[in-house]
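**Q** Take the sequence shown: its position 230, counting from 1, is numbered 212 in this note's numbering, and each next residue is one higher. C-beta: ideal position from N, C-alpha, C; glycine also. Just so you know, these numbers come straight off a predicted model, no measurement behind them.
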Amino acid sequence: MTFAKLLHQVGGMGRFQIINVALLSIPVLLMASHNLLQNFTAAIPEHHCKIHINANNTRYLNATLHLNSQDLLQVAIPMDGNQQPEKCRRFVTAQWYFLDPNATESNGTQLDTEPCIEGWTYDRSVYTSTIITEWDLVCNLRKLQQVAQSIYMAGVLVGALLLGGLSDRFGRKAMLIWSLLQMAVMGTCTAFSPNYILYCVFRFLSGMALSGFGLIVEWIPTQYRTITIAITGFAYTMGQILLAGVAYSIPDWRWLQLTVSLPFFIFLIYSWYEPLPGFLPCSKVKLTYTSFHRTSSLGSKEAQGWDSSRDCGL
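(1) From what residue to what residue does the alpha helix (DSSP H) around Trp102 run?
(2) Where Ile26 and Ser193 are concerned, what is the direct C-alpha to C-alpha distance, given to the nearest angstrom?
(3) Have a look at Leu18 and Val138 and give me their C-alpha separation to the nearest angstrom.
(4) With distances taken Cα to Cα, identify the nearest neighbour of Pro245 among Ile8, Gln(-1), Ile1.
(5) Starting from the N-terminal side, write out each stretch of the alpha helix (DSSP H) that is 4 residues or longer and does not extend beyond the region 96 to 163.
(6) Three-state secondary structure (DSSP) at His34?
(7) Which residues share a DSSP beta bridge with Pro67?
(8) Tyr218 to Ala191, Cα distance in whole Å?
(9) Can you say whether Thr210 is buried or exposed, counting buried as having 16 or more other CB atoms within 10 angstroms of its CB?
(10) Beta carbon of Phe184, beta carbon of Met168: below 7 Å?
(11) For Lys32 versus Thr103, is the C-beta distance shorter than 7 Å?
(12) Would you say Leu119 and Gln131 are within 7 Å of each other, going by their C-beta atoms?
(13) So what does DSSP say about Phe174, is it helix, strand or coil?
(14) Go to Ile248, then tell me how far its alpha helix (DSSP H) extends in each direction, as first and last residue.
(15) Quick one: is Ala212 buried, meaning 16 or more other Cβ sit within 10 Å of its Cβ, or exposed?
(16) Just tell me which of Lys69, Cys70, Gln66, Met61 has its CA closest to the CA of Gln77.
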């Protein structure tokens, strides 16, 4: 007797299946958050070199005490083609004649620029902290932003290749619990990453855990699986929408990472009460039979006509 026929025999789609789908759809909300999280935790705010005033003229040096930030920016940072401050260069010598119409224009030598050897100043009006501002992943290191996301997606790929076979061997519930635990622990560790390398390692391991959520359709009769997958897709879409609001409320990347990771510990707790799926060897069929009776009882329908000894030769 196939698993689909057994599901039909214990009542098909019932209250148990509805509760099962509802509880397992909640983690999907935050799965979407982890997939898109770097749009916020690795956002690149406006930035420019730290201003360094190297004035040979005491008159101008004293004037810096009375200049606002925009004036200092004008004399210390060159402008790009859009008349915005350069992000990766600064003047070697402050160009005071930009502010003083009576000053003598600098010659070509004095217009020399240099890299941001003292670091960068970031606009923190939108994001108080991101991995970009914390580890200065700008200019020559800007490509590391996309590298981190690529490493995460590589983890998703590796997880998809590994967890499918492991779930067939150890059961869907075991892989579900493991995936929730791995997502919770690795997501939390990511929030406490002391450097970029460990951040990428934890993100890779978080990505691996995304492929262990196959249990959501295991107990659903075949004719209802399409709508179940649609509900899961809706939950994923809602997760993307909610992430934008959460990120707006939490502009610090570490706290945002924690916010979307810690709930997986809660999901882990109630996942223990999920029944075992039917794709088990006959050595464990009695435990599966107990799960069917739990399903039947919760769905208010009676399981009938299944003889474990007959169907598995016990």
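**A** Per the coordinate set shown:
(1) No alpha helix (DSSP H) contains Trp102, which is instead part of the beta strand (DSSP E) from 102 to 104.
(2) Each residue's Cα considered, the two are about 29 Å apart.
(3) In a straight line, the C-alpha of Leu18 is about 13 Å away from that of Val138.
(4) Taking each of Ile8, Gln(-1), Ile1 in turn and checking the Cα distance to Pro245, the smallest one comes out for Ile8.
(5) Taking only runs of at least 4 residues, the alpha helix (DSSP H) segments lying wholly in the region 96 to 163 are 113 to 117, 125 to 152.
(6) Of the three classes helix, strand and coil, the one that applies to His34 here is coil, per DSSP.
(7) Note: Pro67 sits in a beta bridge opposite Met61.
(8) A direct Cα-to-Cα measurement between Tyr218 and Ala191 gives close to 16 Å.
(9) Flag for Thr210 reads buried.
(10) Yes. Within cutoff.
(11) Going by C-beta atoms, Lys32 is nearer than 7 Å to Thr103.
(12) Against a cut-off of 7 Å, the Cβ pair of Gln131 and Leu119 comes out as no contact.
(13) Three-state DSSP puts Phe174 in coil, outside helix and strand.
(14) Taken as a continuous stretch (DSSP letters only), the alpha helix (DSSP H) holding Ile248 covers 245 to 253.
(15) Around the C-beta of Ala212, fewer than 16 other C-beta atoms lie within 10 Å, and the residue is accordingly described as exposed.
(16) Among Lys69, Cys70, Gln66, Met61, the Cα nearest to that of Gln77 belongs to Met61.
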